[in-house]
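For reference, the structure discussed in these notes is given below.
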Amino acid sequence: MTDKKQKTPGPTPRQLARIAAAQALFQQDFNKVTTARLILDFRQSYLEPNTDEILFAQLVDAAAERMPELDAIISANLSEGWTIERIDPVLRAILRVGITELMAMLDVPARVVITEYVDVAHAFFGGKEPGMVNGLLDKVARTIRDAEFS
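Here the sequence shown is numbered in the numbering used here, starting from 15 and rising by one per residue.
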């Protein structure tokens, strides 16, 4: 009997879009380019071949449009003593995209959104950051999508 190793599936097109959206928002924090230019640059140079480009563009567009609101939501849900400026820029980008998806993509269940962004955080961090993403997004989801948790 041969021992066949199972191939671990790679990220789905939607997962790739979420990761790329977080990377794009991170980049926009440092390179103050227009959202349209940012999306174009990512499409031309950085997106993986199987990325859901439509979801990527929707997330980046919606997050960029709502940035002050997103930052206010993050700030309001941080533990005492924390400020948004204290959060790692990559983690801040992940939270911004996650909250954007909770607010704008109502066809995706809140629990799925939370799990997806915890996975995105695991792609970048090996410490407590994924837990912070889980806690903060769960808190936000219970406020803006409370019917899903009743």
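Glycine residues also receive a C-beta, built at the ideal position from the N, C-alpha and C atoms. All figures in this text were calculated on a predicted structure; none of them were measured in a lab.
Contacts around residue i, its chain only, beta-carbon distance under 8 Å, and the 5 residues preceding and following it disregarded
{"i": "threonine 65", "result": "Pro27, Leu30, Ala31, Ala34"}
{"i": "phenylalanine 163", "result": "Ala124, Ala155, Arg156"}
Classification of residue i by the beta-carbon crowding that lies within 10 angstroms, buried from 16 upward
{"i": "leucine 54", "result": "exposed"}
{"i": "glutamate 94", "result": "exposed"}
{"i": "glutamine 42", "result": "buried"}
{"i": "glutamine 37", "result": "buried"}
{"i": "threonine 114", "result": "buried"}
{"i": "phenylalanine 70", "result": "buried"}
{"i": "phenylalanine 44", "result": "exposed"}
Spatial neighbours of residue i in its chain, beta-carbon cut-off 6 Å, leaving aside the 5 residues before and after
{"i": "isoleucine 98", "result": "Asp85, Ile88, Ser89"}
Residue i vs residue j beta-carbon contact at 9 Å
{"i": "proline 144", "j": "valine 126", "result": "no"}
{"i": "leucine 39", "j": "alanine 107", "result": "yes"}
{"i": "threonine 48", "j": "valine 74", "result": "no"}
{"i": "alanine 77", "j": "arginine 51", "result": "no"}
{"i": "isoleucine 158", "j": "methionine 117", "result": "yes"}
{"i": "glycine 112", "j": "glutamate 130", "result": "yes"}
Beta-carbon separation (whole angstroms), residue i vs residue j, contact threshold 8 Å
{"i": "phenylalanine 138", "j": "valine 104", "result": "5 Å"}
Quiz prompt | Segment contact flag, the segment 77 to 92 with the segment 120 to 128, C-beta cutoff 8 Å, min 3 pairs | solution = no
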